[in-house]
Structure formats: C-alpha cells, structure tokens
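To convert, note that position 437 of the sequence shown is 437 in this note's numbering; the numbers rise steadily by one, no gaps.
Backbone N, C-alpha and C fix where the C-beta goes; we use that ideal spot for every residue, glycine too.
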Amino acid sequence: MSMLKLLPALFVFSLFAPLCAKAQSRYRLTGSVRDGRTDAPVVRANIQILDTGIGATTDSVGRFSIPLPRGVQTVQISHQSYETAQRTVTGNRDQTLSVLVNERVTLLRETVITANGPGQQVRSNVGGVTSISVRTLKQLPTLFGEVDVMRSIQLLPGVSSVGEASTGFNVRGGNTDQNLILMDDAPLFNASHLLGFVSVFNPDVVQDVALYRGSVPANYGGRAASVLQTRLKDANATHLMVAGGLGLLSSRLKVETPIIKNKLVVYGAGRVSYLNQMLRVFPVPSIKGIRAGFSDYVVRANFTPNRNAGPSKNKLAFTYFSSNDRFRFPADTLGQADLGGTQSEFGWNTRIASLSWSRYLSDRWQLQASGVWSRYRSSISNPDSTRAYALTSGLDYKQVKVALGYTSGSGAPANGKKTDLGGPRLSAEMGLIGIQYDVVAGRLEPTDARSQINPVRLPNEQALELAAYATADLAVTKNLSVQAGLRTSWFGQQGPVMTYAYRNPAVRSPETLADSSMTGSGQFAQTYNGLEPRLSVRLALGESASVKLGAGRMIQYLQQLSNTTAALPADRWKVSDAYLKPAIADQLTFGYFQNIGGNAVELSVEVFYKRLTNVNDFKGGTVLLLNRYPETALLQGNGFARGLELYARKNTGLLTGWISYTYSQTRFRILGLTPETTVNRGNYYPAPYDKPHMLNVILNYKLGSRVSVSANGVYNTGRPITYPVGKLYAGGRIVPYFLDRNQSRIPDYLRFDIGLTINGLRSSGQPDSKRRFESDWSISCYNLLSRRNAYSVFVQTPTRYAQYYNRVDIYKLSVLGSAIPSLTYNFRF
Numbered sequence: 001m002s003m004l005k006l007l008p009a010l011f012v013f014s015l016f017a018p019l020c021a022k023a024q025s026r027y028r029l030t031g032s033v034r035d036g037r038t039d040a041p042v043v044r045a046n047i048q049i050l051d052t053g054i055g056a057t058t059d060s061v062g063r064f065s066i067p068l069p070r071g072v073q074t075v076q077i078s079h080q081s082y083e084t085a086q087r088t089v090t091g092n093r094d095q096t097l098s099v100l101v102n103e104r105v106t107l108l109r110e111t112v113i114t115a116n117g118p119g120q121q122v123r124s125n126v127g128g129v130t131s132i133s134v135r136t137l138k139q140l141p142t143l144f145g146e147v148d149v150m151r152s153i154q155l156l157p158g159v160s161s162v163g164e165a166s167t168g169f170n171v172r173g174g175n176t177d178q179n180l181i182l183m184d185d186a187p188l189f190n191a192s193h194l195l196g197f198v199s200v201f202n203p204d205v206v207q208d209v210a211l212y213r214g215s216v217p218a219n220y221g222g223r224a225a226s227v228l229q230t231r232l233k234d235a236n237a238t239h240l241m242v243a244g245g246l247g248l249l250s251s252r253l254k255v256e257t258p259i260i261k262n263k264l265v266v267y268g269a270g271r272v273s274y275l276n277q278m279l280r281v282f283p284v285p286s287i288k289g290i291r292a293g294f295s296d297y298v299v300r301a302n303f304t305p306n307r308n309a310g311p312s313k314n315k316l317a318f319t320y321f322s323s324n325d326r327f328r329f330p331a332d333t334l335g336q337a338d339l340g341g342t343q344s345e346f347g348w349n350t351r352i353a354s355l356s357w358s359r360y361l362s363d364r365w366q367l368q369a370s371g372v373w374s375r376y377r378s379s380i381s382n383p384d385s386t387r388a389y390a391l392t393s394g395l396d397y398k399q400v401k402v403a404l405g406y407t408s409g410s411g412a413p414a415n416g417k418k419t420d421l422g423g424p425r426l427s428a429e430m431g432l433i434g435i436q437y438d439v440v441a442g443r444l445e446p447t448d449a450r451s452q453i454n455p456v457r458l459p460n461e462q463a464l465e466l467a468a469y470a471t472a473d474l475a476v477t478k479n480l481s482v483q484a485g486l487r488t489s490w491f492g493q494q495g496p497v498m499t500y501a502y503r504n505p506a507v508r509s510p511e512t513l514a515d516s517s518m519t520g521s522g523q524f525a526q527t528y529n530g531l532e533p534r535l536s537v538r539l540a541l542g543e544s545a546s547v548k549l550g551a552g553r554m555i556q557y558l559q560q561l562s563n564t565t566a567a568l569p570a571d572r573w574k575v576s577d578a579y580l581k582p583a584i585a586d587q588l589t590f591g592y593f594q595n596i597g598g599n600a601v602e603l604s605v606e607v608f609y610k611r612l613t614n615v616n617d618f619k620g621g622t623v624l625l626l627n628r629y630p631e632t633a634l635l636q637g638n639g640f641a642r643g644l645e646l647y648a649r650k651n652t653g654l655l656t657g658w659i660s661y662t663y664s665q666t667r668f669r670i671l672g673l674t675p676e677t678t679v680n681r682g683n684y685y686p687a688p689y690d691k692p693h694m695l696n697v698i699l700n701y702k703l704g705s706r707v708s709v710s711a712n713g714v715y716n717t718g719r720p721i722t723y724p725v726g727k728l729y730a731g732g733r734i735v736p737y738f739l740d741r742n743q744s745r746i747p748d749y750l751r752f753d754i755g756l757t758i759n760g761l762r763s764s765g766q767p768d769s770k771r772r773f774e775s776d777w778s779i780s781c782y783n784l785l786s787r788r789n790a791y792s793v794f795v796q797t798p799t800r801y802a803q804y805y806n807r808v809d810i811y812k813l814s815v816l817g818s819a820i821p822s823l824t825y826n827f828r829f
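Printed below as a string of structure tokens:
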C-alpha cells in the first residue's frame, strides 16, 4: 500500500499536533494507583486535585498524569471498589506519586453497576457505549451456574439474539458476524460454548467488558456493527493466590503467583464441564443420546522491569487461550450437513496467542506494539460406518499493530470548576495495523474404510488487510468536547485463486459457467479500500446532563456465510472477492443523558439510523456448505436499521438494577436484474433477526450484610419467519409453497430468571491482610416459569404415510422448555 493511502489518517493526527505543545502546565504529577493487597493496577480510578477542578482517571495499567499547580495541593484518589485516599504534594517541580489503595471491606457491598465511575455516561464524549464490571456480572442469575459475558450484554438496549441456541448476538441491525469480539486485542470468531449457552470468557480472569454499539473509535475496525472489548486482568499478585468455583455442571480454578518479585507474575485459569456424566442419568432416550462438553484455559504473564524504582516505563504481557467444545445430537437435528447418518457431532475450538509491549516515552507519550495469532476450527462428524465423515472449516488470523498515544493528562474537570491549564485538554492516538487471513473453506473426508462419502476439498482463501488510523479526544471548552477520528483501510484477496465467469452475470449458476481465470501466488485477484470517518460531539447541559451526536462508517471485508437464522459453528467464513463485496454501515446517532441524585440514577434516550450497504441474503433452496461456487447462491443488496433505545439505571442503595427498552426496525432490499435474483419483488422486507420490541428488567436487592437476591425479566418480539401459503403435489408428495420472505413471525419470547447470592464469612476482616479466605454460594433458576419459547417453527408431514391423507402439521422447536436450576460455590484466597 502506498504512503498516499496513509496521508488522510496522518493529516488528521497532525491537526492535533500543535495542541500537544499548547496543552502544557507549569508542573506535572505522574504516578500509579495499585491494589494494596494484590498489587494489581487499579483501572479508572478518579484522581482529583481538590479545590482546583483538575482531574483525570487511571489508564489500563493504573497510571495517570495531570497538571500540578503551584503550592501545597491535596490529591484525592477514589474508586467505587476501594477506600478513598488522599495525599499531599507540593507544586514546586514535577512530582511522582505511587498510591496503594485498600478494597472496601463490607462483606456485601452495595451494588454499583457502572464500571466507568459516577457520571461517566454524561461526561464521556461517545454515545452508545456501555461498560459492565465483573462484579455486576456475578450478581445476575446464571445459566448452568456460569457467569456469562455474552448473555449479560444481551440485557442491554439495542442488543438481541435469535434464540437460546445461537452462538452470537445482533446489535442495531447487524448480523452476528458483524460484531468484533475481542479478548484484549485478539479477535474471537466463536465466543460461545455449548452452541451459545455459555460464553468462553472465564469470569475469574475478566477485568471488565465494554460494548461499543454507537460511535466506535477509529482504532477499532473490520466489523460493521459493534465492538465488544473484553479486557483480561493483569497478573500482578505479590503472593500465591487461588480462586475458583465448584458447580453442578462445571468447575473452574485460577492460580496466580509471582515468579520474580515485583517483575514477573503468571496466572493460569481453566474450566471444565462434566455435562456428559449428568446427561447419562436422564431416563429419556432422546436426552440420553445427547453428548455435550466444553473446556477452556488461559495463561497470562506480565513482566514489568524496574518496578522497585517506581512506576515502570515498560510493560510486557503474554496471553495464551484455548477452548474446546463437543456437542452431539441423537440425529442430525440442525440439518446443516445433508450427508446422511443417524448422529451428528459438532466440534469447535479456538487458540489465541498474543504478545504486547507498552512503553511510556514520557508522562504524555506512550508507545504500544502487539502481535496476535488467532485460530478457529469447526467440524461436523458422523461415526456411522457407511456414512462416516468429518467436515472441517475455519480460519487463521495474524495481526501486528503499532500505536503512539498522547495525553495532556488533565481530562475533564473533576468537579465542574473552570481551570486555566494553558490550553485545551487532549488525548490522541495514531496507529498502523496489518492483518493476514487464511481461510479453510471446507474439507470433507471419509473416516471409515467402509464409508461411501467422497472426499471434497475446497481451495483455501488468503487475504491481506492494512489500516492506518488517527483518533483524538479534545475538550474544546468546559461544556463542549469532541472525539474525531479517521481510519483508512485497504484489502486484497491473494492468489492463488480461481475466479469464475458466467454466460449471464445477472443469473449465476453452475449450469451457466462460461470461463475461469487463475490469479497466481503473490498476486491480488481483487482489491478494495475505503475511508472510515468517525465523529462524536458532546455538549454538556450543566453538571448532570449532556447531549451527544455521533456519525461514523465501518467497513467489513471478512464475512460469515450462513443461510440459517442462527449462525452455527460450521458456517463458512469468506473473504471479499469479485462477487462478495465488503459490508458497509453508515450510522447516525443522537442521545440525551441525565444523572439524578448525585449519579444515583442514570437515564438515557438514544435514537439511531444506520444505512446498510451490501447486505447478504441467499437464493431459496441453495446450499452453502461445500459449495464451490458460493456466488451462485449469494444475493447482495441494501438496507437500513433505525431505532429508539431507553435506559434507566439505579446505581446505589439496597435496590439496584436497570430497565432497558428498544424499538427498532431492520429492513433489507434485494433488487436484482431478474426475478430469480430479486427478493419479495424488490420491496423492503424484515431482516431474519429483526425484533421490533425488546424489554429487559434487571433487579438486585440487598437483603442483609451477606445476602442479595436478583431477578431478570426478558421480553422480545418473535423474529421473522417464512410460512408456506399453500401446498403443491409433485411426484405423489406434498411440497409446501412459499411466497414472500419473512412476512410472519414466530411467537414472542418471554423469560424470568431468579438468583440468590450468599457471601461467606472472611477469614480476616483487616483490609491489609494478604491472606484472607473469601467464598460465596450462588443459587439461580433460569427460565423460572418453564416457558417453552419458540426457537423455530416448521412444517412437515408427521409420518411417511401422512402425505397420502393430505396432512401437514406445524411444529414448534423449543431449545429450553423447562426451568434450569444451578448451584455454584465460589472461593478465593
């Protein structure tokens, strides 16, 4: 890629460079905030110089840097989970301050839902962003006793899923593959266990979770709908620490220990399920045939040299993650591989390795570099001797990234008082990213000498993506602040690749194949590029209210092809080529944010409109699995999504929780050159995952010093479905007749959950104790009313002879049709 393609991003960053020199102060106070018991960095702690209005928050490694006025100053350090601390410093030169803070020792603390600190939703420049701490996640009712990141974010406004057995989620009109799910900087291509019932995120190693569904910063890209950033805890223990949980269906364990005092710390955490043993005790034959199990583990090491001399300027972090799943049905229930056989076993696994290095060049400049490798593999297999097969697919992802960040350190005024800091408050970042894709499109192999399955091997796909970005947060005045960014990306499909031509391009089919051309290795068969501007503006309406306006474009070059409503583990990933164009989403958002009662209650109203370009749909009756010519099944068009999101959250007191309501519409329009390539005669129609109404109610009540009870209520409109409008007779068989796509809906979804948490007595009540034992019991019931919510509705003849009696029945498939209790014992010492 030529330097000309980088110039727009470099130009944006250069606009802010003069401000970096202007945003100076007489002296600076630089330091870090760490946990007094574990020595872990305290992220998003509020740093405030009292009576001046100067304030900031700590970054991901617990560091801060703020202007220091002349004279004796009192610095206050506060965080929702720690005791407030104060230090006195003298502003006569640049100062360094390291602070150890103690965790609040109340046995069952009042629940604080926000993870960004009080009032952050009003002060933040960006709308459509929600953060959830693990502390909040652990107080929600669970399924199978596992704290679940993926299920928790589906309780937020604008987020939904098509059903219980879905491996992804939908955000503001986006498909499941349009969400960038990150574990630190590494992408996950399937973030679920057990076909979506449990997420791969171990709660013992998760620091916090942030979902960007509105204005996405320019340092994120590659997806068209949202970004789910899950940040892992750093290894920072000063002594051996053990945590874990014992449940009825799975257990987990985490061990953390220092290797080199104050420099090298390592932890390992793992989970394993024993569902197979539990399923064998059920007397129902259909359940006895099901086999399910999962496991995952993560190893993380942090190296911080020179910590003894104060906050280290360098930090190295290494992470390795592995997850494995097996799920077997007594028959080919999901019907994805029409290859015969009586049993189907789904398997999928993820491997991630990442290495990151960060260095503080000064108290204002930080350099970061990272390398990521992510591998995903999925399979469908059948053990029948005559139909034995193994079908595998997946992809490898490699990324290198270099970023340079600047911060003036002052942030927004901590108490609303105006302070002359000699210039605007600014933080900025620019970076370069390179990504290599290697896609395994599909391989079918017989696994028994007697198998009648013929081997099929689709050619692998390779692609290269390059991106440069610049983004900046600028507080123009006390009441006006802006986040502006620009991302430029270039994508190339690499050879060797075969491109097919058809006699009639308007109607592509294997029968009309006319010619083919080969692109050799080292060449690019197809290239795309684009600019992705991002802008968010905040106008403060006093100290407790603000309005925000956002606009942005996101481009996605890697897409998942699926003609099922819920993406399955074996669904095919594909790079953009001559026929599959990149998905583009242009979004406009407007929001009003209000805090009441000293941030005890947070209210927000957001509206959005999103223009969708190159949305995917498929011809009726086509098969994507092992399709050598996927362009013959693919249809692309345009669409839009629009909606209203209401959010009310109570942060403090005995009763806490939130209520969210979303009204939205997502519409597609596929207008081809022929009736065969046109859907619903060229009219707009609902997307397969469109749900107009979504209501979530989440409550947590503190019964005493050690006991709390929680409850969830979830209501969604049923998703679209295509019902037959009649039936035809062909060859002596009944054939359903379909007309317009997605014009009906399955029954609405309704679910109630309840949970109880009982905290055990600690072995030591002293906040500075290095060795204290903590434990709690988590009891919950998922789907308390045993409601049989519809996952899908379909028609078929009940028996092989029913067709002769002109009989077709309608069936409703419910994945979880009963209440599911769980019990987990959690411990930490």
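### Query
Mind checking whether residue 373 and residue 353 have CB atoms under 8 Å apart?
yes
### Task
Give the straight-line distance between the Cα atoms of residue 823 and residue 136, rounded to the nearest whole angstrom.
18 Å
### Message
Pairs of beta-carbons, one from the segment 174–186 and one from the segment 80–90, closer than 8 Å: are there three or more?
### Response
no
#### Entry: In DSSP terms, what residue 636 is bridged to
616
### Query
Which residue from 432, 791, 515 and 547 puts its Cα closest to that of residue 370?
432
### Message
Let me make sure I understand the geometry here. Which of 607, 783 and 793 has the alpha-carbon closest to that of residue 817?
### Response
783
#### Entry: Minimum C-alpha distance to residue 561 - residue among 575, 56, 555 and 216
575
### Query
Does DSSP put residue 151 in a helix, in a strand, or in coil?
helix
### Message
Please return the same chain residues whose Cβ sits closer than 8 Å to the Cβ of residue 485, not counting the five positions on each side in sequence.
### Response
Taking C-beta separations shorter than 8 Å and ignoring five residues to either side along the sequence, the partners of residue 485 in its chain run 12, 217, 218, 219, 469, 470, 471, 472, 533, 534 and 535, following chain order.
### Query
Do the CB positions of residue 467 and residue 487 come within less than 8 Å of each other?
Pairing residue 467 with residue 487 gives a Cβ-Cβ distance under 8 Å.
#### Entry: Euclidean distance between Cα positions of residue 129 and residue 263
34 Å
### Query
Touch check for the segment 625–634 and the segment 648–657: three-plus C-beta pairs under 8 Å?
no
### Task
Let me know if residue 201 comes out buried or exposed under the rule of 16 or more other beta-carbons within 10 Å of its beta-carbon.
buried
### Message
With a threshold of 8 Å between beta-carbons, can residue 579 be considered close to chain B, or not?
### Response
The question asks about chain B, but that chain is absent: this structure has only one protein chain.
### Query
Would residue 269 pass as a contact of residue 185 if the rule is Cβ separation under 8 Å?
Taking 8 Å as the Cβ cut-off, residue 269 and residue 185 do not qualify as a contacting pair.
### Query
Would you report the Cα separation of residue 384 and residue 291, rounded to the nearest angstrom?
16 Å
#### Entry: Touch test, the segment 588–599 against the segment 543–551, Cβ-Cβ under 8 Å, three pairs minimum
yes
### Task
Determine the extent of the beta strand (DSSP E) in which residue 527 is found, giving its start and end residues.
524–540
### Query
Taking the alpha-carbon positions, what's the residue 715 to residue 155 distance?
Roughly 10 Å between the two C-alpha positions.
### Query
Excluding sequence positions up to five away, which residues of its chain have a Cβ less than 8 Å from the Cβ of residue 237?
38, 39, 40, 256, 257, 258, 265 and 267
### Task
Use the C-beta contact count for residue 126: other C-beta atoms within 10 angstroms, 16 or more gives buried, fewer gives exposed.
Flag for residue 126 reads buried.
### Burial state of residue 826 (16 or more Cβ within 10 Å)
Counting Cβ neighbours within 10 Å, residue 826 comes out buried, since at least 16 surround it.
### Query
So, is residue 681 buried or exposed, given that buried needs 16 or more other C-beta atoms within 10 angstroms?
With a 10 Å radius around the Cβ and a threshold of 16 neighbouring Cβ atoms, residue 681 comes out exposed.
### Query
With 16 other CB atoms within 10 Å as the buried threshold, where does residue 506 fall?
exposed
### Query
Where does residue 501 land, buried or exposed, given buried means 16+ other C-beta within 10 angstroms?
exposed
### Message
Applying the 10 Å Cβ sphere with the 16-neighbour rule, what's the burial state of residue 455?
### Response
exposed
### Query
Under the rule that 16 or more other beta-carbon atoms within 10 Å means buried, what is residue 439, buried or exposed?
buried
### Query
Leaving out five residues before and five after residue 152 in sequence, what residues of the same chain have Cβ atoms less than 7 Å from its Cβ?
If the five residues before and after residue 152 are omitted, its C-beta is found closer than 7 Å to the C-beta atoms of 132, 137 and 140, all from its own chain and listed in chain order.
### Message
Using the Cβ count rule (16 or more neighbours within 10 Å means buried), how would you classify residue 494?
### Response
Its Cβ being crowded by 16 or more others within 10 Å, residue 494 is buried.
### Task
Whole angstroms is fine: what's the gap from residue 73's alpha carbon to residue 304's?
The alpha-carbon of residue 73 is positioned some 30 Å away from that of residue 304.
### Message
Could you check whether the segment 538–545 touches the segment 656–667, counting it as contact only if at least three pairs of C-beta atoms, one from each stretch, sit closer than 8 Å?
### Response
no
### Message
So, with DSSP's three-state summary, where would you put residue 594?
### Response
strand
### Task
Return yes when the Cβ of residue 146 is within less than 8 Å of the Cβ of residue 198, no when it is not.
yes
### Task
Compute the Euclidean distance between the alpha carbons of residue 327 and residue 515, then round it to the nearest angstrom.
42 Å
### Query
How is the beta strand (DSSP E) around residue 137 delimited, first residue to last?
From DSSP, residue 137 is part of no beta strand (DSSP E) but of the alpha helix (DSSP H) over 134–137.
### Span separating the alpha-carbon of residue 538 from that of residue 59
Straight-line spacing of the CA atoms in residue 538 and residue 59 works out to 22 Å.
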